[in-house]
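Since the structure comes first, as structure tokens, the remarks are kept for the end.
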Amino acid sequence: MIIGGARSGKSRHAEQCALDGGRQVIYVATAESRDGEMARRIAHHRERRPADWGCVEEPLHLAARLRELAAPDTCILVDCLTLWLSNLLFAGKAAAQAEAGEAIACPLFAGETAALIETLPQLPGRIILVSNEVGWGIVPMHPVSRLFADEQGRLNQRVAAVCDRVTLVAAGLPLTLKAPPKTA
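Residue numbers (the numbering used here): 371 to 554.
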């Protein structure tokens, strides 16, 4: 897992880790192009990736897609969990429930995040997950923004718990937060 703030260098670091691994790379994009600014971001990421990498778009059903793609000789780079979470919250109506001040009951969100946490430790090959750290700022005033920040923090903690390596990237510099135990 590679985590960091917006424009921290986390995607570039993840791409370099994938390149250094010596495996076939499949890039799993979770973003949906809904406006011009997002379309430019997606185009920028495409231009930066090597031409021989596979690319699959998966905005919602990430665990199922990872099970389809994972293989011992493959590196899957998922960029990013933050947009995936946002997609789930809006597709599953959790955002509308938060906006209305209702209790959040979102089977899509709960089911998909649980499936990811259950699936990750079982996958063969190498999986690199990119996610944003959104919890270092102020508590958002808007109910949907609070819901998103809270759920992103919870998701990051759950994913980090099942990953063997977690790296924080700030100002383009990686800092290892969790590493596999050294073997003798």
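Every residue, glycine too, gets a C-beta built ideally from N, C-alpha and C.
query                                                                                                        : result
For L543 and M371, believed in contact at Cβ under 8 Å, the rounded distance                                 : Not quite, the Cβ-Cβ distance comes to about 17 Å (not below 8 Å), so this is no contact.
Contact belief for C425 with A388 at Cβ below 8 Å, rounded distance in angstroms                             : In fact, because the Cβ distance is near 12 Å, the residues do not count as touching under 8 Å.
Segment limits, alpha helix (DSSP H) that includes I412                                                      : 406 to 418
Stretch-stretch touch, CB-based, cutoff 8 Å, three pairs: the stretch 525 to 545 with the stretch 468 to 479 : no
contact_flag[the stretch 408 to 417, the stretch 514 to 524] where n(CB pairs < 8 Å) is 3 or more            : no
DSSP-derived helix/strand/coil call for D443                                                                 : coil
Assigned secondary structure, E503 (DSSP; H/G/I helix, E/B strand, else coil)                                : coil
Spatially closest choice to P513 from E427, A464, Q394, E402, by CA coordinates                              : A464
Classification of G523 by the beta-carbon crowding that lies within 10 angstroms, buried from 16 upward      : exposed
C-alpha distance - W506 paired with E417, whole-angstrom precision                                           : 30 Å
Residue environment, D449, which counts as buried when at least 16 other CB atoms sit within 10 Å            : buried
Alpha carbon of S515 to alpha carbon of D405, nearest angstrom                                               : 19 Å
When L451, A441, A413, E402 are compared against A325, the one with the closest alpha-carbon                 : Outside the shown range of the chain, which is 371 to 554, sits residue 325, and nothing can be said about it.
As assigned by DSSP and simplified to three states, the class of G379                                        : coil
Length of the line joining the Cα atoms of A541 and A480                                                     : 33 Å
Of the residues R393, R382, W454, the one placed nearest S403, counting alpha carbons only                   : W454
CA-to-CA distance, L432 to I497, given in whole angstroms                                                    : 12 Å
Environment of I508 [buried if 16+ CB atoms lie within 10 Å]                                                 : exposed
Alpha-carbon spacing of E482 relative to L430, whole angstroms                                               : 8 Å
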